[in-house]
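Contents: one structure, followed by commentary.
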Amino acid sequence: MTALPDLALTPDAHPTWWKVPLFATLPGLPLQVGLFALFATEGGLGGLTPLLVLAPTLLAVSWLLPHRRPYHLARTTAAALSVALPLLPFATAILMAAATASG
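Residues 78 to 180 in the working numbering are what the sequence shown spells out, letter by letter.
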């Protein structure tokens with residue numbers, strides 16, 4: 078009979094690795110779905126296709142990176158970018174509206 082593997086955390090394991098991807102998923106996933114729904118109904122995705130592919134990919138990468146401390150910065154960066162990228166079209170629209178309204 079084989080022995081069960083030892084499930085103890087290794088010294089370089091990060092015990093709370095899941096917090097950063099979770100806190101990025103909560104606002105990020107609805108933003109990504111909303112962005113896709115908003116621009117997919119316009120008849121074409123145009124130049125937003127890389128954005129619509131990159132944001133969910135980065136969110137998946139933030140969940141799938143190894144659960145060790147050296148990957149914490151990469152996980153945090155991927156999670157933050159997965160939330161920031163869907164906000165770019167909206168921020169651009171707000172800046173353009175402010176620029177045209179001012180003068």
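Just so you know, even glycine gets a beta-carbon here, dropped at the ideal spot from N, CA and C. It should be emphasised that the depicted structure is a prediction, and the values quoted were computed from it without experimental measurement.
Across the structure, residue 135 and residue 156 are spaced so that their CA atoms are roughly 7 Å apart. Contact check for residue 160 and residue 107: beta-carbon distance about 10 Å, past the 8 Å limit, so the pair fails to qualify. DSSP assignment within the region 119-146 yields the following whole alpha helix (DSSP H) runs of 4 residues or more, N-terminal first: 126-141. Contact check for residue 165 and residue 142: beta-carbon distance about 23 Å, past the 8 Å limit, so the pair fails to qualify. The residue from 149, 137, 93, 133 with its alpha-carbon nearest to that of residue 110 is 133.
In the three-state scheme derived from DSSP, where H, G and I count as helix and E and B as strand, residue 90 is classed as strand.
The beta carbon of residue 139 lies closer than 7 Å to those of 97, 98, 101, 152, 155, 156, 159 in the same chain, with the five residues before and after it left out. Secondary structure of residue 161 (DSSP, three-state): helix.
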